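Protein chains in written order, with my numbering: chain P, 1314 to 1639; chain W, 11 to 281. All remarks here apply to the structure that follows.
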Amino acid sequence: MNSPSALSSGRSIAKKVIGTPSVGPLLVLLAFGVIFSLTNPRFLATQNLSIILQQTVIIGTLAIGQTLIILTAGIDLAVGAICVLGTILAGKLANSGYDPVLAMALAVLACTAAGVAAGGLIAGLRLPPFIVTLGILGIITAALRLISAGGAFSVTDAFLGWTGNTIRLNGFILTYGVIIMLLLYGLIWFLLNQTQWGRHVYAVGNNPEAARLVGIPVGRLLLSVYVLAAFIYGIAAWLALGRIPNADPNALQTANLDSITAVVIGGTSLFGGRGGLLGTLIGALIVGVLRNGLTLAGIDPLWQDLITGILVIVAVALDQLTRGKR
Amino acid sequence: MTQDQSARIPVMQAVGLKKHYGHVVALDDADFELAQGEILAVVGDNGAGKSTLIKALTGAVIPDEGDVYLDGRKVHFKSPLNARLAGIETVYQELAVATQLNIAQNLYLGREVRKSGIAGTVFRQLDKKLMRNQAAEHMRNLGIRIQSINQKVETLSGGQRQAVAVARAAAWGRKVVVLDEPTAALGVRETGQVLDLIRRVKDQGLSVILISHSMPDVFAIADRIHIHRLGHRAAVVSPKSTSRSDVVAVMTGALEPEAVQSALIAPPRAA
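Structure (C-alpha cells):
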C-alpha cells in the first residue's frame, strides 16, 4: 500500500531537484572542478580554493547588482566602470588627506549617483537600459582617465584595504571581502525572495504591463533596482581595494562580460523575471573556477576571455531554447 | 433604505459621457447602467467606442463631459487605481498575468500580505503561507480546478490562465468585475469553463460587465445586453426576448433601435 505513494513522492522529490533552477549551474561547476582537478592536482588544494573565492569577490559582488537589473529585463554595461569610479575616487580622496572612511563613503555615494542617473533615464524617459548604461560606461571611462591622468596609483590606506584582511578557517583563508560578499548575497536573497519589493522585481521583469495594471509603480521600482545595484558596485569598489591596493582607471575591463556571464550561467534569463541569486553565486564561481583553472594550466588570459565569451553565448542560447519550449 | 429600493439603484451608472480624440468622437453622449448582481454584456462593432466607454468607467480614460455614479454616488476616477480602490476590478484582454510567478503570487500581486510582528513590520517579510492557503481556498470556492497553487502560470493552459485572471479580479473586486473579451483566445471547452466561472463570480454577489464579440457567449450568460453604436448606447435588450439577429442588426445599423419592440431601454432621442 505504501510503496506507490513512496515511489511517487520519491519521484516528485527527484522532479523538484531537477526542476530547481540552480541544479544545472551546480552540475556545470562540479564538472569544471573535476576537469581542472584531474589536469592539475594543485587545483583542489585548500589554498587554491581560498584563492578562487578571493578572486571571485569582485565579479561575484558586481554580479549581485547585475542580477537585479537582468531580472527586470534590463542590462548593465557600466557595471565595471561604476566600480572603478569607486576605487579611483576613494583612492584619490584618501591620498589627498581625506578621512578614509569619509573618502570611501563619498565614493560609494558617487557610484550610487551613477545608478540614480541610469535608473532615472531608464524609468523616467523609458530609454533602453542597453543604450543608457553603454553611454554611462563611455562617460565614466573618459572622466576617470581625465581625473587620474591615465595612470594607476597605489592606495595604501589601512581602512580602504581592510577588506583584504584574512581569517583562517580549517586551512581556508577567507578575506573579510569574501565574508562581506556572502553577507550581501544573503541580504539581497532575502529582499528578492521574502519581500514585496522582490516579488515586484520579478513581476516587472516578467510582464511590465501586467505589473502596471495591478498597481505596481513600475518606474519607481526600476529606479530602486538601478540605485541599489550601483550602491552594491560601490561596496565592490571597497572590496576591490582590499584585494589589490591599487586604483587603476583601466581595471575591470572584463567586468561586463564576467558579471553578465555569471548571471546568465547561473540560470537568470536575459528576458527578465526568471532566475535568482543562488544561481548567480554559482555562476560567479564557475567564472572564477574557469579563469583560475585555465591560469593554472598556463593558458593565456586572452583565451580565458574567449572561452568566457563562448560560455555566455551557450548559456543565452540554452535560455532561448528552453524559453521557446514553454 | 429598503432592499427593494437599494436593488433599484444601479451599482454603476453613467450619464452623457463624451470623449473626443482630436476630430474623432469616441463617446457621443453615452449612457450606461449596470444593475446590482447582473451580468451585463456590452456589444458593439469595432470602433463603436466600447473600449473607450469601459475605460471611462474604470478610470483609464477621463471623459470630457458626463458623470459616472457608483451606488448612486458621483465618482471621479483619475486612474485605474482609483477605480480599483472603489471596488471595480478589470481583467484586460491582453492576459494580465505574470507567467513566471505562481498562481498564489498572481492572485496577490500588488496586494501582498506581510507577516505580523517584527518579521513583517521591520523586515517586511511576506506571509507566503497565509497567501497560499487563502489563494487555494479562493480557487476552490470558485470551482477552479488546479493541481497546485504553487504552479507557475506559464505551465497553465490559456483557459486556466484566464481563470486565474478572473479569480484575481473576483478576489479584490468588491462591487464590479469588468471582463474584456475573456474568451477571445480560447477553445470551445475552455470557453465553457470560463463562462461557468463568470456565473459563479455573479453568484458571489458581484456585478459583471462582459465585453464580448461572441454572440453565443453573450446569449449564454448575459442578463441584459448593452448595444453600443456610434459612440453611444443604442439600446439595452434582454437575451430572452430579443433574437441574436436583431442584436447584430442593431449593432451594425441594419435595424433602427426603435424597431426592436422588445428593447428594455429605448434610445432617449430620435435618431
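The beta-carbon is built from N, C-alpha and C at its ideal position, and this holds for glycine as well. Keep in mind the model is a prediction, meaning the values are calculated, not measured.
Using 7 Å as the cut-off, classify the Cβ of residue i as near or not near the heavy atoms of the ligand MG, replying yes or no.
i, result
"P:Asp-1470", "The model depicted lacks the ligand MG and carries no ligand whatsoever."
Under a Cβ-count criterion, where at least 16 other Cβ atoms within 10 Å of its own Cβ denotes burial, should residue i be classed as buried or exposed?
i, result
"P:Ile-1480", "exposed"
"W:Lys-250", "exposed"
"P:Gly-1399", "buried"
"P:Trp-1551", "buried"
"W:Thr-262", "exposed"
"W:Thr-131", "exposed"
"P:Pro-1345", "The residue you asked about is not Pro; residue 1345 of chain P is Phe in the sequence shown. The residue is buried, with at least 16 neighbouring Cβ atoms inside 10 Å."
"P:Asp-1632", "buried"
"W:Arg-94", "buried"
"W:Pro-267", "buried"
"W:His-242", "buried"
"W:Pro-226", "exposed"
"P:Ala-1628", "buried"
"W:Asp-213", "exposed"
"W:Val-188", "buried"
"W:Asn-56", "exposed"
Return helix, strand or coil for residue i, following the three-state DSSP convention.
i, result
"P:Asn-1559", "strand"
"P:His-1513", "helix"
"W:Arg-155", "coil"
"P:Ser-1467", "strand"
"W:Glu-122", "coil"
"P:Asp-1412", "coil"
"W:Leu-166", "coil"
"W:Asn-112", "strand"
"W:Ala-208", "Going by the sequence as given, residue 208 of chain W is Ile instead of Ala. Three-state result, W:Ile-208: helix."
"W:Ile-275", "strand"
"P:Asn-1361", "helix"
"W:Met-11", "For W:Met-11, the pLDDT reaches just 44, beneath the cut-off of 50, and the residue's location in the model is therefore unreliable, although a value from the coordinates is still provided. Coil, per DSSP."
"W:Ala-281", "Caution is warranted here: a pLDDT of 38 is assigned to W:Ala-281, below 50, making its placement in the model unreliable, and the coordinate value is therefore given only provisionally. W:Ala-281: coil per DSSP, three-state reduction."
"P:Ile-1493", "helix"
"P:Asp-1618", "helix"
"P:Ile-1460", "helix"
Tell me where the beta strand (DSSP E) around residue i begins and ends.
i, result
"W:His-30", "22 to 31"
"W:Ala-195", "Careful: W:Ala-195 lies outside any beta strand (DSSP E) and carries neither H nor E."
"W:Thr-100", "98 to 101"
Using DSSP's beta-bridge definition, name the partner residues of residue i.
i, result
"W:Ser-217", "W:Val-186"
"W:Tyr-79", "W:Gln-23 and W:Lys-84"
"P:Leu-1482", "P:Phe-1485"
"W:Leu-50", "W:Ile-219 and W:Arg-234"
"W:Arg-243", "W:His-238"
"W:Ala-40", "W:Leu-27"
"P:Ile-1501", "In the DSSP output, where bridge partners are listed per residue, P:Ile-1501 has none listed."
"W:Val-34", "W:Tyr-31"
State the start and end residues of the unbroken alpha helix (DSSP H) segment that holds residue i.
i, result
"W:His-148", "138 to 151"
"W:Gly-249", "Note on residue identity: the sequence assigns Pro, not Gly, to residue 249 of chain W. From DSSP, W:Pro-249 is part of no alpha helix (DSSP H); its letter is neither H nor E."
"W:Val-107", "No alpha helix (DSSP H) holds W:Val-107; DSSP gives it neither H nor E."
"P:Gly-1586", "Note, P:Gly-1586: premise wrong, no alpha helix (DSSP H); not H, not E."
"W:Leu-67", "60 to 67"
"P:Arg-1525", "1521 to 1526"
"P:Ile-1529", "Here P:Ile-1529 belongs to no alpha helix (DSSP H), and DSSP marks it neither H nor E."
Could you confirm whether any beta carbon from chain W is found closer than 8 Å to the beta carbon of residue i?
i, result
"P:Gln-1507", "yes"
"P:Leu-1526", "yes"
"P:Ser-1318", "Legend: pLDDT at P:Ser-1318 = 46, less than 50; position of this residue unreliable, no value from coordinates given."
"P:Asn-1520", "yes"
"P:Tyr-1293", "Because chain P spans 1314 through 1639 in this model, residue 1293 of chain P falls outside it and cannot be assessed."
"P:Ala-1523", "yes"
"P:Gly-1586", "yes"
"P:Arg-1533", "no"
"P:Arg-1639", "Since pLDDT at P:Arg-1639 reaches only 45, below the 50 mark, its modelled position is unreliable, and the value read off the structure follows with that caveat. It does; some Cβ of chain W falls within 8 Å."
"P:Ala-1394", "no"
"P:Ile-1383", "no"
"P:Ile-1501", "no"
"P:Arg-1439", "no"
"P:Arg-1458", "no"
"P:Ile-1529", "yes"
Closer than 8 Å, CB to CB, is residue i near chain P or not?
i, result
"W:Arg-171", "no"
"W:Leu-136", "yes"
"W:Gly-97", "no"
"W:Ala-93", "no"
"W:Ala-181", "no"
"W:Gly-120", "yes"
"W:Ala-108", "yes"
"W:Met-11", "Unreliable positioning characterises W:Met-11 in this predicted model, as indicated by a pLDDT of 44, which lies under 50. The coordinate reading is nonetheless provided below. Taking Cβ atoms only, chain P never reaches closer than 8 Å to W:Met-11, which makes this a no."
"W:Gln-115", "yes"
"W:Leu-140", "no"
"W:Glu-191", "no"
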